[in-house]
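Residue 45 is where the sequence shown starts when you use this note's numbering, and the numbers rise one by one after that.
Even glycine gets a Cβ: it sits at the ideal position worked out from N, Cα and C.
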Amino acid sequence: MRSASPLLSTRTSHSCLPHPIVAPPISPSSSLPRLFRPSLFPSPNSLSGRYKLHACHKNLFSCGAHQVTALMDLSNQPLEFNRNLYSHVEPYSSGFLKVSKIHTLYWEQSGNPHGHPVVFLHGGPGSGTSPSNRRFFNPEFYRIILFDQRGSGRSTPHACLEENTTWDLVDDIEKLREHLEIPEWQVFGGSWGSTLALVYSQLHPEKVTGIILRGIFMLRKKELDWFYEGGAAAIFPDAWEPFRDFIPEEERDNFIVAYNKRLNSADMDVQAKAAKIWTTWEMMTANLIQSEENIKRGEDDTFSLVFKMPRYAIKLFKAKGVVVMPGLQHEDLKGIHLDNLLRLDSECSYYNEAANI
45 MRSASPLLST
55 RTSHSCLPHP
65 IVAPPISPSS
75 SLPRLFRPSL
85 FPSPNSLSGR
95 YKLHACHKNL
105 FSCGAHQVTA
115 LMDLSNQPLE
125 FNRNLYSHVE
135 PYSSGFLKVS
145 KIHTLYWEQS
155 GNPHGHPVVF
165 LHGGPGSGTS
175 PSNRRFFNPE
185 FYRIILFDQR
195 GSGRSTPHAC
205 LEENTTWDLV
215 DDIEKLREHL
225 EIPEWQVFGG
235 SWGSTLALVY
245 SQLHPEKVTG
255 IILRGIFMLR
265 KKELDWFYEG
275 GAAAIFPDAW
285 EPFRDFIPEE
295 ERDNFIVAYN
305 KRLNSADMDV
315 QAKAAKIWTT
325 WEMMTANLIQ
335 SEENIKRGED
345 DTFSLVFKMP
355 RYAIKLFKAK
365 GVVVMPGLQH
375 EDLKGIHLDN
385 LLRLDSECSY
395 YNEAANI
């Protein structure tokens with residue numbers, strides 16, 4: 045097993061993968077890097093002045109945690125997003141793989157056919173892949189594999205919840221690897237995909253050359269409470285208000301249950317409105333700095349998942365088949381090396397210097 049370099053997320057030492065935020069390697073004994081991201085999250089077009097970032101860096105093999113603080117001066121320079129992502133590439137092959145009597149998955153490959161294989165695991169649950177996901181990877185170095193998980197994107201049947209558990213999705217990853225005749229590959233997972241990446245790597249460590257995790261979200265109760273029950277509202281108050289106000293006060297003790305009730309309402313108008321508000325909340329909080337493109341997707345009735353993704357996500361949140369991981373221990377990963385993790389995503393808690401949120 046190749047060792048991982050402690051650069052923001054775990055990865056193989058020979059990897060050339062960029063990240064939207066690039067920082068020098070971190071070690072418990074070294075000084076923490078200065079990172080340049082604001083801690084206030086309005087529309088990108090309105091950002092100006094000085095902003096302070098608070099984030100938490102934790103070494104997975106120690107009990108220590110460090111807080112990172114950095115200042116960012118936007119007064120004299122435009123803010124650039126994803127400037128380290130690679131140029132757009134088109135797939136050189138694609139197809140469909142039948143993984144059960146019910147489900148057929150869409151898959152595609154781009155980049156270098158003879159390069160280092162990496163599989164991209166999308167979030168949601170149920171969001172599907174998009175062409176922009178290919179841009180995380182150097183197309184000259186990587187053989188880039190994207191696929192839509194069961195019920196997502198171009199996989200069929202669309203938004204089907206039958207035979208759709210964590211274990212089914214993890215099995216599909218291995219079926220796709222075998223179908224593409226890839227001996228071993230790197231696993232890249234974001235948000236819900238980070239959960240799948242860890243579960244898959246724990247079950248098939250001999251097939252994994254390295255793990256890259258971003259926007260880590262493992263469906264633990266404290267994470268669900270943070271994101272859907274008011275914790276993230278401290279960071280995104282404007283986005284939270286319509287999400288909160290749609291639910292009557294007497295039902296606000298559990299927003300997931302309240303939205304689940306409306307997403308399964310016999311009134312299709314209620315279903316549609318609840319789905320749109322839920323999806324808009326997710327789109328507005330998916331990035332540290334709000335993306336106008338994501339917001340428009342959430343507000344657009346033609347967005348292919350706007351009526352289905354929330355029901356799919358809530359079903360997984362409540363299902364017994366979902367792995368709600370209390371935290372993987374080093375020995376559980378059977379040789380997969382996880383050095384350091386720097387969490388810079390809206391799905392984990394942030395620390396306010398004064399309020400200690």
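So, with DSSP's three-state summary, where would you put residue i?
i: Ala302; result: helix
i: Glu184; result: coil
i: Phe290; result: coil
i: Leu76; result: Here the model assigns Leu76 a pLDDT of 32, short of 50, so the residue's position is not dependable, and the following value carries that caveat. Looking at Leu76 - three-state DSSP - the assignment turns out to be coil, as it is neither helix nor strand.
i: Val214; result: helix
i: Arg258; result: strand
i: Leu263; result: coil
i: Ile279; result: coil
i: Ile189; result: strand
i: Val314; result: helix
i: Asn177; result: helix
i: Asp269; result: helix
i: Thr329; result: coil
i: Glu134; result: coil
i: Leu307; result: helix
i: Trp284; result: helix
i: Trp322; result: helix
Of the residues the options, which one's Cα is nearest the Cα of residue i?
i: Tyr136; options: Tyr186, Pro169, Ile146 and Thr148; result: Tyr186
i: Trp236; options: Glu326, Ser144 and Val143; result: Glu326
i: Gly139; options: Leu129, Ala276 and Leu220; result: Leu220
i: Thr329; options: Leu247, Ala278 and Phe299; result: Ala278
i: Gly167; options: Pro249, Phe287, Arg296 and Gly233; result: Gly233
i: His159; options: Thr209, Gly274, Tyr130 and Trp229; result: It is Gly, not His, that sits at residue 159 in the sequence shown. Closest by alpha carbon: Trp229.
i: Pro161; options: Arg288, Glu285, Ile255 and Trp322; result: Ile255
i: Asn182; options: His132, Glu294 and Asn208; result: His132
i: Asp212; options: Pro286, Leu247 and Ile291; result: Leu247
i: Ile217; options: Ile321, Asn298, Ser144 and Glu134; result: Ser144
i: His223; options: Leu141, Asn308, Glu134 and Thr324; result: Leu141
i: Lys251; options: Gly172, Glu225 and Pro169; result: Glu225
Kindly give me the distance between the Cβ atoms of residue i and residue j, rounded to whole angstroms, as I take these residues to be in contact under 8 Å.
i: Val231; j: Val163; result: 6 Å
i: Ala283; j: Tyr303; result: Rounded, the Cβ-Cβ distance is 15 Å, inconsistent with contact.
i: Leu129; j: Phe180; result: 6 Å
i: Ser238; j: Phe261; result: 6 Å
i: Arg296; j: Arg306; result: 13 Å between Cβ atoms; not a contact.
i: Ile146; j: Glu207; result: 5 Å
i: Ile321; j: Pro292; result: The Cβ separation is near 14 Å, so there is no contact.
Practice problem: Please determine if the stretch 185-192 and the stretch 149-156 are in contact, where contact requires at least 3 C-beta pairs separated by less than 8 Å. | Solution: Touching, per the Cβ criterion.
Quiz item: Would you say the stretch 172-179 touches the stretch 235-253, given that touching needs at least three Cβ pairs under 8 Å?
Solution: no
Self-check item: contact_flag[the stretch 138-151, the stretch 195-210] where n(CB pairs < 8 Å) is 3 or more
Solution: yes
Exercise. Indicate whether the contact test is met: 3 or more Cβ pairs, each with one atom in the stretch 257-267 and one in the stretch 300-314, closer than 8 Å.
Key: no
Quiz item: Taking only runs of the beta strand (DSSP E) that begin and end inside the stretch 138-164, which ones reach a length of at least 3 residues, in chain order?
Solution: 148-155
Exercise. Mind listing, in chain order, the continuous alpha helix (DSSP H) runs of no fewer than 4 residues lying wholly within the stretch 191-252?
Key: 210-223 and 236-247
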